[in-house]
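Numbers 0 to 629, taken from numbering that gives the first Met the number 0, label the letters of the sequence shown in order.
C-beta: ideal position from N, C-alpha, C; glycine also.
The next block holds one structure in the form of structure tokens; read it before the comments.
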Amino acid sequence: MQRDFFINFARKLAGLLSFLRPSPQGNSSAPISGEYLNFLLRVLQLIEESDGDRQKVYLLLQANLDKLDTHLTEVLRNWAKDKLSQVQSDEAQPIVRNTFYFSNLIQQFPLGSIAVNKDLAIAGYEIVLSVYTSQDFPTDWATTQNNLGSAYRNRILGNKAENIESAIAAYQNALTVYTRQDFPTDWAMTQNNLGIAYCNRILGNKAENIESATAAYQNALIVYTRQDFPEKWAATQNNLSTAYCSRLLGNKADNIEIAIVAYQSALIVYTRQDFPEKWAATQNNLSTAYCSRLLGNKADNIETAIAAYQNALIVRTRQDFPTDWAMTQNNLGNAYGDRLLGNKTDNIETAIAAYQNALIVRTCQDFPTDWAMTQNNLGNAYSNRIVGNKAENIEVAIAAYQNALIVYTRQNFPTDWAMTQNNLGIAYGDRILGNKADNIETAIASFQNALIIRTRQDCPTDWAITQNNLGIAYRDRILGNKADNIETAIASFQNALIIRTREDFPVDWAMTQNNLGLAYRDLGQISQAIECFRSALEIRKPNAFPIDCLQSGRNLGETAFNPGLWSEAIEGNAQCWLRDVEKEDLQTWTQDLPLSPGKQLWLEGWLNTANSKPFHSPEHWAAFCMIGQS
């Protein structure tokens, strides 16, 4: 009976093409549109005949990829609207049911244009909802709302922020029917989906969105226990981990540790043997958490991340999973960009190669937001590149950031726009080509753009990053009054230190203390500068941060040398030279302090001797013993 319906309808095809307009050239568009409509009816008929057999339907879709385009979306909407207005309720049921199955299948179809596939699914679900109302078909309506939410959440075309708002609204609609009491498993499924949408939300307060996501995942885990629903439990643990990695409230280090534990929990179920794709996805996510980890040894954390990304790529090959392969290549690039072990030059080149791999799949046309993300990351890598011409590298970085800003607009992607503006500002601050004064003005403008979005209230850590960068730009500024510029720089560094405390962000605190010291030195405020450099050296120890230690030690030594503050000068220069001396060795020479005036003159002579190393006497070592005691 239902099969006859589609056959009879196909025979009436010509009569249903009257709604199509002639083309601008005067030729009727009926032949090509008729071909599209005939294909659509064949798909729906196959769904009916095969009970929605995925393999059979996908074979038909694969043979007609040329018809999976925006025109088919228009044909689907027009055909359904026209037909549903002509049939009785019982005749509408097979149309609606098979359109629903079509939407489910096309949403997950991996070939053709993914963007078009998502829009075809949305069109189908909206057709279904024109018949399945919450009053007459509550469970079918709720199921379709949930699926519509997922289609909007993953939509590529249209405004990203609006798409996510549509997804959240659809999930919330579904939850009016899917209550925990009446439909516990459907309630848990939709809670999990709602959590994903809130994690990706662009509008609203970022911290509140992540809290909403966390609450939704925790709701889902009430039903999704490891014992009863091991696979869904693992999936939700994975999602909860992602939320904790992004969490702004609470202690950052603790949040990441919770995320790592949850990812490791998911891997108890998601083994490579039983769930290779999900194992790879969780390995990818675990890597990202280790890249962000604050506890433990930073170098070890990054090595763990790289190993996990490489695990993920065992399954996520370009041939079998191109989009996932590109995602992990992008993330692997991030890890190599941050790597502390190995050769720095080689690490950056590996990062660049990984980003370029990702961009093979992540094109602006097919994956604009992912393309923009990788362009931004590629810009970071070229900004830090050691190989090649420095000026040319910075130009490549600037071009990559500007590419990212084609997609990352303030209106559609405010957070990403601000991030890229911040990075663009850094690149212009370092730029060699062009007018130096103009470059710094461009950098300042970019940082100020970033601070429109990166407010202290909504994005405290990012606000602090950009305040620190803005301070550097004002300290380097050529235009304007020099003293006023330095005062502005000092204010920016002090702003950054409101968030960058020694307790919460010790490395960043030390960096900004060093920058603030330089600004104070520029103003001739030597005691304040020395205090800042000493603060920086509390964290920047020779073994832990040798390059940073050298920088801050030299700054302290140079700042104290000119006014003849010998003890401070020796302290700073010692940090530049002492690398292998144990704390106990230094402490054995404390008995020789203080130095006599004659030895101070001797040291003054040493400080004016190029490449001197203060290793000549116990008295000399004694001058440095304060380092061993700190």
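Can you check which of these residues, the options, is closest to residue i by C-alpha distance?
i           : options               : result
residue 312 : 288, 346, 294 and 353 : 353
residue 398 : 419, 415 and 408      : 419
residue 630 : 521, 368, 435 and 438 : Given that the chain is displayed from residue 0 to residue 629, the structure contains no residue 630 and the question cannot be resolved.
residue 83  : 94, 73 and 74         : 94
residue 493 : 478, 482, 481 and 514 : 514
residue 89  : 125, 104 and 130      : 130
residue 147 : 119, 158 and 487      : 119
residue 503 : 531, 145, 434 and 459 : 459
residue 551 : 508, 412 and 523      : 508
residue 203 : 32, 456, 432 and 132  : 456
residue 372 : 325, 91, 448 and 537  : 325
residue 175 : 140, 246, 491 and 150 : 140
residue 634 : 360, 415, 386 and 389 : This structure cannot speak to residue 634, because the chain is shown only from 0 to 629.
residue 535 : 318, 487 and 548      : 548
residue 76  : 64, 58 and 98         : 98
residue 165 : 200, 278, 486 and 286 : 200
residue 208 : 248, 188 and 525      : 248
residue 36  : 43, 219, 74 and 60    : 74
residue 251 : 206, 272, 270 and 286 : 206
residue 540 : 524, 505, 523 and 525 : 505
residue 70  : 32, 435 and 448       : 32
residue 327 : 217, 80, 277 and 308  : 308
residue 543 : 156, 219 and 296      : 296
residue 319 : 338, 276 and 191      : 276
residue 43  : 92, 469 and 342       : 92
residue 157 : 410, 470 and 510      : 410
residue 538 : 524, 522, 511 and 62  : 511
residue 278 : 310, 291, 487 and 358 : 310
residue 422 : 330, 38 and 443       : 443
Please go through the same chain and pick out, in chain order, the residues whose beta-carbon is closer than 7 Å to the beta-carbon of residue i, but skip the five residues on each side of it.
i           : result
residue 256 : 294
residue 340 : 298 and 302
residue 184 : 222
residue 55  : 45 and 49
residue 288 : 240, 244, 255, 258, 259 and 262
residue 528 : 516, 519, 520 and 558
residue 284 : 237, 240, 241 and 262
residue 178 : 186
residue 96  : none
Leaving out the 5 sequence neighbours to the left and right, which residues in its chain are closer than 6 Å to residue i when beta-carbon positions are compared?
i           : result
residue 265 : 233, 236, 237 and 281
residue 193 : 170 and 215
residue 105 : 116, 119 and 120
residue 363 : 370
residue 451 : none
residue 211 : 197
residue 377 : 354 and 399
residue 463 : 495, 498 and 499
residue 68  : 115
residue 530 : none
residue 453 : 417, 461, 462 and 465
residue 154 : 117 and 162
residue 634 : Given that the chain is displayed from residue 0 to residue 629, the structure contains no residue 634 and the question cannot be resolved.
residue 432 : 390
residue 51  : 100
For residue i, which residues in the same chain have their Cβ closer than 8 Å to its Cβ, ignoring the five residues on either side in sequence?
i           : result
residue 268 : 225, 229, 230, 232, 233 and 274
residue 335 : 305, 346, 347, 349, 350 and 353
residue 632 : Nothing can be reported for residue 632: it is not among the residues displayed for the chain, which extend from 0 to 629.
residue 479 : none
residue 132 : 140
residue 360 : 317, 321, 322, 324, 325 and 366
residue 62  : none
With 7 Å set as the bound, which would you pick, yes or no: does the beta-carbon of residue i sit closer than that to a beta-carbon of chain B?
i           : result
residue 545 : This model lacks chain B altogether; it includes just one protein chain.
Is there contact here, the segment 403–412 with the segment 439–446, by at least three beta-carbon pairs under 8 Å? Touching, no, given that fewer than three Cβ pairs across the two stretches are closer than 8 Å.
At what residue ranges does the segment 327–380 contain a whole run of the alpha helix (DSSP H), taking only runs of 4 or more? Counting whole runs of 4 or more residues, the segment 327–380 contains the alpha helix (DSSP H) stretches 343–360.
With three or more beta-carbon pairs closer than 8 Å as the criterion, would you say the segment 133–141 touches the segment 103–117? Taking a contact to require three or more Cβ pairs closer than 8 Å, the segment 133–141 and the segment 103–117 do not qualify as touching.
Touch test, the segment 420–432 against the segment 387–397, Cβ-Cβ under 8 Å, three pairs minimum: They touch, by the three-pair rule.
Mind pulling the alpha helix (DSSP H) runs of 4 or more residues that sit fully within the segment 239–267? Unbroken alpha helix (DSSP H) stretches of 4 residues or longer found wholly inside the segment 239–267: none.
Unbroken beta strand (DSSP E) runs of length 3 or more, entirely within the segment 475–529: which are they? As for any beta strand (DSSP E) of minimum length 3 sitting wholly inside the segment 475–529, there is none.
Any chance you could list the alpha helix (DSSP H) runs of at least 4 consecutive residues sitting entirely within the segment 291–333, in chain order? Restricted to the segment 291–333, the alpha helix (DSSP H) segments that are unbroken, complete and at least 4 residues in length are 297–314, listed in chain order.
Start-end ranges of the alpha helix (DSSP H) lying completely within the segment 126–190, minimum 4 residues: Scanning the segment 126–190 for uninterrupted alpha helix (DSSP H) segments of 4 residues or longer gives 137–152 and 159–176, listed from N- to C-terminal end.
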